[in-house]
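Chains as they are written, first to last, in the numbering used here: chain A, 1 to 269; chain U, 270 to 548.
Every residue gets a Cβ at the ideal spot worked out from N, C-alpha and C, and that includes glycine.
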Amino acid sequence: MQTEIAPRPVADADAEIKLDARHVNFFYGDFQALEDASLAVQARRITALIGPSGCGKTTFLRIFNRMHDLTPSTRATGEVLLDGHNVLDPDTDVIQLRRQVGMLFQRPNPFPKSIYDNVAYGPHMLGWSKSRINDIVEQSLKDTGLWDEVQNRLRRSALNLSGGQQQRLCLARALAVEPQVILMDEPASALDPIATLRIEELMQDLKKRYTIVIVTHNMQQASRVSDFTAFMLMNQRRAGEVIEFGPTDDIFNRPKESRTEDYITGRFG
Amino acid sequence: MSRPLVRIFLDRLVAALIALCVMVAAIPVLVLLLFVVIKGLPGLLTPGFFTDPPHPQGVPGGGVLNAIIGTLEIVGMASLLAVPIGALIGVFLSEYGRNRLGDTVRFISDVLTGLPSIAFGIFGYTVVVLTTHHFSAISASVALAVLMLPVILRATESALMLVPQALREAGLALGAPSWRVTVEIVVPAALGGIVTGALLAIARAAGETAPLLFTAFGNEIVQSNPLQPMGALALTVFRNALSPYQNLQDQAWAAALLLVLLVASANILARLYVRRIQR
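In structure tokens, the structure reads:
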């Protein structure tokens, strides 16, 4: 077992840390799903969480915007600092937090509304003016490469779009509330290779402005898209741990831990 | 017989058995419908059936205007009471009812579903008729509303439960408060199921007779004051079918046909609506 907390990536000494998870433990009832998990997410970079099924990647991710609150009898301890403020603090305004930390889910989940209404939902909720909403809808759809494909059918149901388009629409919907961080939970696992590629290209564009954390079971994807990678594994008590964290290049080419190397080279998992 | 032949034989046999079961289920319904149409259509086409009040017994002619207005008004008022309350309870059960209170409400609703419909009549009689000392349309509406309530709330709950959790999460992850997610995302997504449930409950209430017997009581005069006794199609069927006069018996058949048509069109309307919003 590691005694150190996961080491900070050293590529950039004065790097801005956007999200800083420190010694996070997580429980479903009596079952501990995460043990002493730490992760320093650098601003405007892509951080990937990889590891075998059930190692707590998604659990860890959902703590960052308190989505775990929706599951009854769960409990998180430790700290997750967003710009220095602990989001696990009971006083945290969860609504505000989720506007800063958006989320893209495993399966595209557009609302059964029109394309326009999907993207406009967040801004509308924030009470923005009609013209500002129109602008942000257009901008978000452009940012996700959807504008040219859908500008003539904004009032049509979002459910008629293809899976890949739906997922990009969901991304546009998340961007429209102008978050700072975007959490992605295996965003391409339900998509075909071409749609997957579109999402990955988008991520490269988006990281200029947003901090991205992505959970993926696909190691090639992690190595293609991410700047930093955290490798997670279940320990003997079936709780997830962060085994190794560092620049993606190091994790994939010069892992320090033999368990990381075993996983990367496909010896298990 | 070789194996494939056995398989083909079994396949045919089972298919035939299923077809037989379908027929056994469908034939009574079709016969009933046919019977009501054949017996009721002449009365329905009689001049004045829709526009005249009933004539005194033994006097030929007359219509069921009193009952048409009565059924529409009684069921209408019952729906105004039951649909909003039932839908709200359904929303509560689905979104906030994973607890003892929710279980209690579900249990009570299941008990209500199983009650004989005349018991709802007794409820309307006790609560409204006895306290106002008067038979009235509104007492019938109250009885029917309670009868409709469990159907609506259960239909609403199951419709909302069918809305994927992922949609709720999508809304919450955007920073929407949970009440907004419920009102703006979950309920609209389930609207088809909610409307279907409400229309089925309305259709069922429209056909009920027992709850009306000692609440609306019946009225041969065209009456639209909800505080007065009122006729209803189901009551017309019940009373006229027992009368010795041929023209009144014909009228009962016609009223039954009209009721079937009303209920059927409510059903078809519900289905068309659902298909339209699910396109």
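Kindly list, in the order they appear in chain U, the residues whose Cβ is closer than 9 Å to that of residue i.
{"i": "A:MET219", "result": "Chain U residues near A:MET219: none, gap ~26 Å exceeds 9 Å."}
{"i": "A:PHE105", "result": "ALA435, GLU438, ALA439 and ALA442"}
Please check if any C-beta of chain A sits within less than 8 Å of the C-beta of residue i.
{"i": "U:PRO433", "result": "yes"}
{"i": "U:GLY330", "result": "no"}
{"i": "U:GLU364", "result": "no"}
{"i": "U:ALA439", "result": "yes"}
{"i": "U:LEU436", "result": "yes"}
{"i": "U:ARG449", "result": "yes"}
{"i": "U:ALA474", "result": "no"}
{"i": "U:ALA409", "result": "no"}
{"i": "U:ILE454", "result": "yes"}
Quick one: residues in its chain with C-beta nearer than 8 Å to the C-beta of residue i, no 5 flanking neighbours on either side, listed in chain order?
{"i": "U:GLY476", "result": "ALA503, LEU528 and VAL532"}
{"i": "U:GLY327", "result": "TYR514"}
{"i": "A:ARG237", "result": "GLN32 and GLU35"}
{"i": "U:GLY461", "result": "ALA428, TYR542, VAL543, ILE546 and GLN547"}
{"i": "U:ALA295", "result": "none"}
If we define contact as Cβ-Cβ less than 8 Å, is residue i a contact residue for chain U?
{"i": "A:TYR210", "result": "no"}
{"i": "A:LEU70", "result": "yes"}
{"i": "A:VAL119", "result": "no"}
{"i": "A:ASP267", "result": "A small fix is needed here, since residue 267 of chain A is Arg in this sequence, not Asp. No, its Cβ sits nowhere closer than 8 Å to a Cβ of chain U."}
{"i": "A:PRO112", "result": "yes"}
{"i": "A:ARG132", "result": "no"}
{"i": "A:ALA158", "result": "no"}
{"i": "A:VAL177", "result": "yes"}
{"i": "A:ARG168", "result": "no"}
{"i": "A:ALA174", "result": "yes"}
{"i": "A:GLY127", "result": "no"}
{"i": "A:ARG98", "result": "yes"}
{"i": "A:MET67", "result": "yes"}
{"i": "A:GLY122", "result": "yes"}
{"i": "A:GLU4", "result": "Residue placement at A:GLU4 cannot be trusted, given a pLDDT of 46 that sits under 50; what the coordinates show is reported in the next sentence. No, its Cβ sits nowhere closer than 8 Å to a Cβ of chain U."}
Spatial neighbours of residue i within its chain, please: C-beta separation below 7 Å, excluding the five flanking residues on both sides.
{"i": "A:ARG156", "result": "SER114 and ILE115"}
{"i": "A:ARG173", "result": "ASN118, VAL119, TYR121 and GLY122"}
{"i": "A:THR216", "result": "ALA48, ILE50, GLU186 and ALA222"}
{"i": "A:GLN165", "result": "LEU146 and GLU149"}
Please list, in chain order, all residues of the same chain as residue i whose beta carbon is under 6 Å from its beta carbon, the five residues on each side excluded.
{"i": "U:VAL432", "result": "VAL455, ALA458 and ALA459"}
{"i": "A:THR77", "result": "ASN25"}
{"i": "U:MET346", "result": "SER410"}
{"i": "A:GLN106", "result": "ASP185, GLU186 and SER189"}
{"i": "A:TYR210", "result": "ILE182"}
{"i": "A:GLN2", "result": "Only weak support is given to the placement of A:GLN2: the predicted model assigns it a pLDDT of 43, under 50, and the value that follows is read from those uncertain coordinates. Closer than 6 Å at the Cβ level, and outside the excluded window around A:GLN2, lies no residue."}
{"i": "A:GLY102", "result": "ALA174, PRO179 and ILE182"}
{"i": "A:ASN86", "result": "GLU79"}
{"i": "U:SER363", "result": "GLU426, LEU429 and MET430"}
{"i": "A:SER73", "result": "GLY29"}
{"i": "U:VAL397", "result": "SER408 and VAL411"}
{"i": "U:GLY440", "result": "VAL450 and ILE454"}
{"i": "A:ALA21", "result": "SER38, LEU39 and VAL80"}
{"i": "A:ILE214", "result": "ALA48 and MET184"}
{"i": "U:VAL506", "result": "ALA521, ALA524 and ALA525"}
How would you list, in chain order, the residues of chain U whose beta-carbon sits under 7 Å from the beta-carbon of residue i?
{"i": "A:ILE95", "result": "GLY444 and PRO446"}
Please list the partners that residue i has in chain U, where partner means a Cβ-to-Cβ separation under 8 Å.
{"i": "A:MET184", "result": "Neighbours of A:MET184 on chain U: none; closest Cβ ~11 Å, over 8 Å."}
{"i": "A:GLY102", "result": "ALA442 and LEU443"}
Interface residues of chain A around residue i at Cβ under 8 Å?
{"i": "U:ALA458", "result": "PHE111 and PRO112"}
Could you say if the segment 58-65 of chain A and the segment 261-268 of chain A meet the contact criterion of at least three C-beta pairs nearer than 8 Å?
Not touching, per the Cβ criterion.
Inter-stretch contact at 8 Å, needing at least 3 Cβ pairs: the segment 215-230 of chain A / the segment 133-146 of chain A
The segment 215-230 of chain A vs the segment 133-146 of chain A: no contact.
Unbroken stretches of the alpha helix (DSSP H), 4 residues or longer, contained in the segment 156-215 of chain A:
Fully enclosed alpha helix (DSSP H) runs of 4 or longer: 163-175 and 193-206.
Which complete beta strand (DSSP E) runs does the segment 73-141 of chain A hold, if anything under 3 residues is left out?
Within the segment 73-141 of chain A, the runs of beta strand (DSSP E) that reach at least 3 residues and sit entirely inside it are, in chain order, 74-82 and 101-104.
If we count Cβ pairs, one from each stretch, closer than 8 Å, do we get three or more for the segment 402-422 of chain U versus the segment 349-362 of chain U?
Output reads yes: the segment 349-362 of chain U touches the segment 402-422 of chain U.
Check whether the segment 311-325 of chain U touches the segment 390-400 of chain U, taking contact to mean three or more Cβ pairs, one atom from each stretch, closer than 8 Å.
Too few Cβ pairs lie closer than 8 Å, so no.
Report yes or no: do the segment 308-318 of chain U and the segment 329-348 of chain U share at least 3 C-beta pairs separated by less than 8 Å?
Contact between the segment 308-318 of chain U and the segment 329-348 of chain U is present, because at least three Cβ pairs lie under 8 Å.
Kindly confirm or deny that the segment 91-98 of chain A and the segment 65-72 of chain A touch, where touching means at least three C-beta pairs closer than 8 Å.
With a cut-off of 8 Å, the segment 65-72 of chain A and the segment 91-98 of chain A count as touching, because enough Cβ pairs lie within range.
Do three or more CB pairs link the segment 400-414 of chain U to the segment 483-495 of chain U at distances below 8 Å?
Here the segment 400-414 of chain U lies against the segment 483-495 of chain U, with 3 or more beta-carbon pairs under 8 Å apart.
Can you give, in chain order, each stretch of the alpha helix (DSSP H) that sits fully within the segment 338-417 of chain U and has at least 4 residues?
Complete alpha helix (DSSP H) runs here, min 4: 369-383 and 386-393.
Mind listing, in chain order, the continuous alpha helix (DSSP H) runs of no fewer than 4 residues lying wholly within the segment 423-492 of chain U?
Listed in chain order, they are 434-442, 447-450, 456-476 and 479-482.
Return the chain-ordered ranges of every beta strand (DSSP E) run that is complete within the segment 10-40 of chain A and spans a minimum of 3 residues.
Complete beta strand (DSSP E) runs here, min 3: 17-28.
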